[in-house]
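4 is the number of the first residue of the sequence shown in this note's numbering; add one for each residue after it.
We put the CB at the ideal spot given by N, CA and C, even for glycine.
Computed from a prediction, not measured in an experiment: that's the story for all the values here.
Below is one structure, written out as structure tokens; comments come after it.
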Amino acid sequence: MKNAIKNLAILALLIIGSTQAMAQDLPNDNYEQKFKLGIGATVGYPFEEPYNLNVGGDVRLQYDLSKSYSLTATTGFNNLFISGDNNDLGYIPAKLGFKAFVLKDQFYLMGEVGGAFAVTNDYNDKSLLLSPSIGYATKYIDISVRYEYLPDFPALRNNNADNGLSQIALRLAYGFDL
Numbered sequence: 004m005k006n007a008i009k010n011l012a013i014l015a016l017l018i019i020g021s022t023q024a025m026a027q028d029l030p031n032d033n034y035e036q037k038f039k040l041g042i043g044a045t046v047g048y049p050f051e052e053p054y055n056l057n058v059g060g061d062v063r064l065q066y067d068l069s070k071s072y073s074l075t076a077t078t079g080f081n082n083l084f085i086s087g088d089n090n091d092l093g094y095i096p097a098k099l100g101f102k103a104f105v106l107k108d109q110f111y112l113m114g115e116v117g118g119a120f121a122v123t124n125d126y127n128d129k130s131l132l133l134s135p136s137i138g139y140a141t142k143y144i145d146i147s148v149r150y151e152y153l154p155d156f157p158a159l160r161n162n163n164a165d166n167g168l169s170q171i172a173l174r175l176a177y178g179f180d181l
């Protein structure tokens, strides 16, 4: 009987001790979830012809789930410049994403998915838009490099008409808490 009481007491102490130890190890226990807004400018290099350059701007709403994880919604306007008269392709991206800070709460990886809707020069195209990125963010500044793939936009490969535009872009943004 004494051994059973002693074993129960030891088990209770171990459970209480491990519960308190785990509670102290939770890093974001009191993190205040909040919204942020970022306004950015983008310059991109398209890999397919006939596009020469992509210039655009965007607005990103970010909801911080914790200190390390955020949900994002991004829209704006991008213009793909094409040599010639009035051939540029302007489009509006609409993306949802997930951002994970991986190093010192400043370096992050992000993935976005959404759609791109052509709005200039009689283009009636729309496309799926896939966009992984890597970046660095402080309280106010966000610098990132992203790859974008638009599988349904027209492109030329080896002088043959094809669909699928890919590009790499640099984004510089100013962000603030809402």
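According to DSSP, residues forming a beta bridge with residue i
i: GLN170; result: PRO49, GLU151
i: GLY41; result: ARG63, GLY178
i: SER130; result: ALA119
i: ASN57; result: GLY47, LEU83
Assigned secondary structure, residue i (DSSP; H/G/I helix, E/B strand, else coil)
i: ASP165; result: strand
i: LYS98; result: strand
i: THR141; result: coil
i: VAL122; result: coil
i: GLU35; result: coil
i: LYS107; result: coil
i: SER71; result: coil
Close Cβ partners of residue i (< 6 Å) along its chain, the five nearest in sequence each way excluded
i: LEU153; result: ALA119, SER130, LEU132, LEU168
i: ALA76; result: LEU64, LEU99
i: ASP165; result: ALA158
i: GLY41; result: ARG63, ASP145, ALA176, GLY178
i: ARG174; result: GLY43, THR45, SER147
i: PHE104; result: SER71, TYR111
With 16 other Cβ atoms within 10 Å as the buried cut-off, status of residue i
i: GLU151; result: buried
i: ARG149; result: buried
i: SER69; result: exposed
i: SER86; result: exposed
i: LYS98; result: buried
i: ASN81; result: buried
i: LEU186; result: Because the chain spans 4 through 181 in this model, residue 186 falls outside it and cannot be assessed.
i: THR141; result: exposed
i: LEU106; result: exposed
Contact set for residue i: own chain, Cβ-Cβ below 7 Å, skip 5 residues either direction
i: GLN170; result: GLY47, TYR48, PRO49, PHE50, ASN57, GLU151
i: SER189; result: In the structure as shown, the chain starts at 4 and stops at 181, and residue 189 therefore has no counterpart that could be examined.
i: THR78; result: ASP61, VAL62, ILE95, PRO96, ALA97
i: GLY114; result: GLY100, PHE101, PRO135
Contacting residues, own chain, Cβ-Cβ under 8 Å from residue i (five flanking each side not counted)
i: ASP108; result: LYS70, SER71
i: LYS37; result: TYR66, ASP67, ASP180, LEU181
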